[in-house]
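In UniProt numbering, the protein residues as written are 1 to 121. Report on one structure; see the data block that follows.
Structure follows, in structure tokens:
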């Protein structure tokens with residue numbers, strides 16, 4: 001059975017200017033075509049566009065729902081190299097006891113000294 005990896009990107013909301021393309025509808029269609037062709041060049045197959053709700057804060061205490069348009073692409077996970085199958089962990093490695101190790105701990109003292117304000121006499 002084939003397994004798939006998915007990529008979801010925000011749909012363009014405004015057409016970019018392009019040489020020889022006139023009118024708002026034509027610019028928007030050209031922009032959408034460029035986005036889809038860029039993804040296809042990386043091996044992603046277009047699946048669909050969706051409009052999904054997104055809860056966002058409004059002010060300090062309230063929130064409201066905004067609807068976002070996204071484009072959904074997929075590619076077969078079987079075609080990926082082993083290095084591409086697992087996403088890199090940029091937050092550090094999780095140790096067996098569940099603690100998160102700090103990958104750059106050895107340089108932490110040096111960077112803290114560089115970023116701290118000078119001491120007053």
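Each residue gets a CB set at the ideal place from its N, CA and C atoms; glycine is no exception.
Between residue 71 and residue 35 the beta-carbon gap is near 7 angstroms, inside 8 angstroms, which marks them as a contact. With fewer than 16 other beta carbons inside 10 angstroms of its own, residue 65 counts as exposed. The shortest C-alpha to C-alpha distance from residue 56 to any of 47, 48, 67 and 9 is the one to 67. By the neighbour-count criterion, in which 16 or more other beta carbons inside 10 Å mark a residue as buried, residue 31 falls on the buried side. Secondary structure at residue 52: strand, using DSSP grouped into helix, strand and coil. Assigned with DSSP and collapsed to three states, residue 18 falls in coil, not helix or strand.
Taking residue 16 as the centre and dropping the five residues before and after it, the same chain places the C-beta of 27, 30, 31 and 34 closer than 8 angstroms to its C-beta, in chain order. When the alpha-carbon of residue 7 is set against those of 40, 14, 62 and 54, the nearest one is in 40. For residue 71, the enclosing beta strand (DSSP E) starts and ends at 62-76. According to DSSP, residue pairing for residue 58 in a beta bridge involves 62. The three-state secondary structure of residue 42, taken from DSSP, is coil. A direct Cα-to-Cα measurement between residue 60 and residue 54 gives close to 17 angstroms.
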